[in-house]
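If you're matching them up, the sequences are chains A and R in order.
Number 130 in the working numbering belongs to position 130 of the first sequence; there are no gaps in the numbering.
Number 318 in the working numbering belongs to position 88 of the second sequence; there are no gaps in the numbering.
All C-beta atoms in this analysis are idealised placements derived from N, C-alpha and C, irrespective of residue type, glycine included.
Here the structure is a predicted model, which means the values were calculated and not measured.
Everything below concerns the one structure shown next.
There are 2 protein chains.
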Amino acid sequence: MNSRNPAPRSRRERPAKPALSYEGIVATAVGVMRAEGLQRVTMRRLAQELDTGPASLYVYVANTAELHAAILEELLGAVDLGPVSAAGDWRDRLAAVLGSYTRVLFEYPGLAHSALVARPSGPNYLGLVEALLALLHEGGIPDAQAAWGVDVLLQVATATAAEQSVRDRDIAAEDEHDALVDALRQVSAETYPRIAALGADLVSGAPEQRLAWIFRAVVNGVQATPRQPD
Amino acid sequence: MNSRNPAPRSRRERPAKPALSYEGIVATAVGVMRAEGLQRVTMRRLAQELDTGPASLYVYVANTAELHAAILEELLGAVDLGPVSAAGDWRDRLAAVLGSYTRVLFEYPGLAHSALVARPSGPNYLGLVEALLALLHEGGIPDAQAAWGVDVLLQVATATAAEQSVRDRDIAAEDEHDALVDALRQVSAETYPRIAALGADLVSGAPEQRLAWIFRAVVNGVQATPRQPD
DNA sequence: ACCTGAACACCGTTCAAGT
DNA sequence: ACCTGAACACCGTTCAAGT
């Protein structure tokens with residue numbers, strides 16, 4: 001027994017409190033998120049789960065935002081990037097990857113919302129970016145356009161997932177959305193002629209259909225829009 | 231003096247506490263936001279400002295999200311929708327309206343972030359949607375595409391403003407971004423060939439340039455992408 | 001109907017003090 | 001170096017009671 005490694009407690013006592021570590025904290029955070037949603041992943045809640053005080057976590061994590069980014073990076077591991085070598089149309093495969101990303105975000109309440117601001121920089125996030133860039137490259141999109149386009153694609157996917165998922169779990173958000181739908185329907189044709197003309201079409205369509213169209217439209221735009229117009 | 235209208239206090243006393251009202255609450259909220267940012271617009275802070283307890287506000291406002299949506303709707307009044315009758319290319323005018331929207335969001339810390347989830351349905355928001363639809367109509371974009379496209383345009387504008395504005399005021403967010411930039415630069419060319427090939431271009435460009443390109447690309451995509459492909 | 005005090009159930013973060 | 005207790009400075013929301 002050396003003094004660096006304190007004597008293990010007798011087996012009889014309840015499970016030894018494991019030493020804190022970045023990995024352990026993130027794993028616990030993911031667990032709490034799966035069970036209770038991201039809004040419950042707080043420094044205090046995590047400290048409680050790890051049987052310590054919140055101050056102890058600050059040795060490993062700088063702040064709550066960093067913690068949320070770490071969770072996102074971790075869960076991004078579940079995104080299906082598709083087979084490494086080509087099979088099928090690159091557009092379809094691009095849509096599939098983005099669809100998988102959206103579904104992962106959608107699966108966990110609050111995750112999409114956090115993805116809107118968090119900037120992970122781990123291997124799972126980089127892998128996703130790489131996969132999208134490879135597909136755009138395969139489609140012959142010029143590099144300069146692909147570089148900026150990948151951001152837009154992730155942005156619309158994330159924003160759509162956030163919007164949809166907040167509406168699904170939050171009654172207040174649903175009410176707000178219903179108010180908007182109502183407002184759009186009852187609008188005066190004199191003041192808002194185009195809204196009145198388009199009517200229900202403004203909020204029509206199943207989320208998946210809308211999102212599929214959005215992906216196609218953005219890809220087409222990225223493809224057709226040079227970076228230095230003259 | 232009637233009993234419905236309690237006797238006014240003598241002029242000598244400090245300014246009479248004005249009666250609460252939805253408008254008064256929203257106006258105070260906008261004031262606090264201008265002075266201290268949206269993160270300070272809390273039920274408790276507002277109650278303090280209005281010289282009452284937080285519970286009193288719940289007579290007029292259902293929850294904090296509704297309050298934030300009301301602030302957004304109010305500040306959207308500052309968006310420049312351009313002249314009513316045509317002058318200049320519709321694409322340029324569309325970009326100008328979206329640019330003005332982005333600048334308004336950007337002006338107030340936290341506002342863009344709230345716009346990502348809030349769904350206002352007041353006249354200022356409707357006016358913005360109407361203006362964008364009118365310009366897309368003028369450009370000959372089919373109604374079905376314009377109806378869904380306007381959402382995408384507002385989404386990318388909002389998400390870009392949120393990203394940029396969070397980075398400008400939040401040191402932690404800036405660190406996170408720097409970590410990402412570093413990670414992108416130092417990536418292994420074997421594991422992430424496309425990221426390595428594109429390198430700095432992934433994060434290049436002034437925000438305005440990027441955003442201007444994004445608007446052009448999305449408009450082009452919306453224009454070129456029919457809703458029912460076969 | 002409107003307003004309030006008080007309470008319930010939480011937050012993030014810092015810091016001096018301990019091991 | 002790592003961990004902790006305690007504190008500081010806050011949150012949203014509800015509800016019984018008052019006017």
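Between the alpha carbons of residue 87 of chain A and residue 138 of chain A lies a distance of about 11 Å. Of all alpha-carbon atoms in A:196, A:182 and A:119, the one lying nearest the alpha-carbon of residue 188 of chain A is that of A:196. Take residue 39 of chain A, set aside five residues on each side of it, and the residues of its chain with a beta-carbon closer than 6 Å to its own are 110, in chain order.
Within the segment 198-219 of chain A, 198, 201, 202, 204, 205, 210, 213, 214, 216, 217, 218 and 219 place their CB atoms closer than 8 Å to a CB of chain R, listed in sequence order.
The beta carbon of residue 177 of chain A falls within 8 Å of a beta carbon belonging to chain R, placing the residue at that interface.
Put simply, the backbone Cα of residue 373 of chain R is about 23 Å away from that of residue 388 of chain R. When DSSP states are grouped into helix, strand and coil, residue 450 of chain R belongs to the helix group. Neighbours of residue 157 of chain A in chain R, taken as residues whose beta carbon is under 9 Å from its own, are absent, since the nearest beta carbon is some 10 Å off. A contact between stretches requires three or more CB pairs, one per stretch, nearer than 8 Å, and the segment 126-135 of chain A meets this requirement with the segment 91-100 of chain A. Along the segment 262-286 of chain R, there is no position whose C-beta sits under 7 Å from a C-beta of chain A. The DSSP-derived three-state label of residue 416 of chain R is coil. Note that the C-beta distance between residue 42 of chain A and residue 447 of chain R is not below 8 Å.
Secondary structure at residue 350 of chain R: coil, using DSSP grouped into helix, strand and coil. Put simply, the CB of residue 371 of chain R is far from chain A, with every gap to its CB atoms at 8 Å or more.
Within chain A, the residues whose beta carbon sits less than 7 Å from that of residue 413 of chain R are 121 and 126, listed in sequence order.
In this structure residue 299 of chain R is in contact with residue 176 of chain A, their Cβ atoms being roughly 6 Å apart against a cut-off of 8 Å.
In this structure, the beta-carbon distance from residue 292 of chain R to residue 183 of chain A does not fall below 8 Å. The Cβ of residue 255 of chain R sits no closer than 8 Å to any Cβ of chain A. Under the Cβ criterion (8 Å, minimum of three pairs), the segment 432-443 of chain R does not count as touching the segment 203-213 of chain A.
Using a Cβ distance threshold of 8 Å, residue 335 of chain R and residue 345 of chain R count as a contacting pair. At least one beta carbon of chain A lies nearer than 8 Å to the beta carbon of residue 396 of chain R.
The Cβ of residue 340 of chain R sits no closer than 8 Å to any Cβ of chain A. Assigned with DSSP and collapsed to three states, residue 267 of chain R falls in coil, not helix or strand.
Put simply, the CB of residue 195 of chain A is near chain R, with a gap under 8 Å to one of its CB atoms. Cβ-Cβ distances below 6 Å link residue 77 of chain A to 124 in the same chain, with the five nearest sequence neighbours on each side left out; the list follows chain order. Shown here, residue 282 of chain R sits in coil according to DSSP, grouped into three states, outside any helix or strand. Here residue 445 of chain R is actually not in contact with residue 384 of chain R; their C-beta atoms are around 11 Å apart, not less than 8 Å. For the segment 62-80 of chain A, the residues whose beta carbon sits under 8 Å from a beta carbon of chain R are, in order, 62, 63, 65, 66 and 69. A residue is called buried when at least 16 other Cβ atoms come within 10 angstroms of its Cβ; residue 386 of chain R meets this threshold and is buried.
Counting of Cβ neighbours within 10 angstroms places residue 319 of chain R among the exposed residues, the total staying below 16.
Annotation: Cβ neighbours of residue 129 of chain A in chain R (cutoff 9 Å, chain order): 414, 422, 424, 425 and 432.
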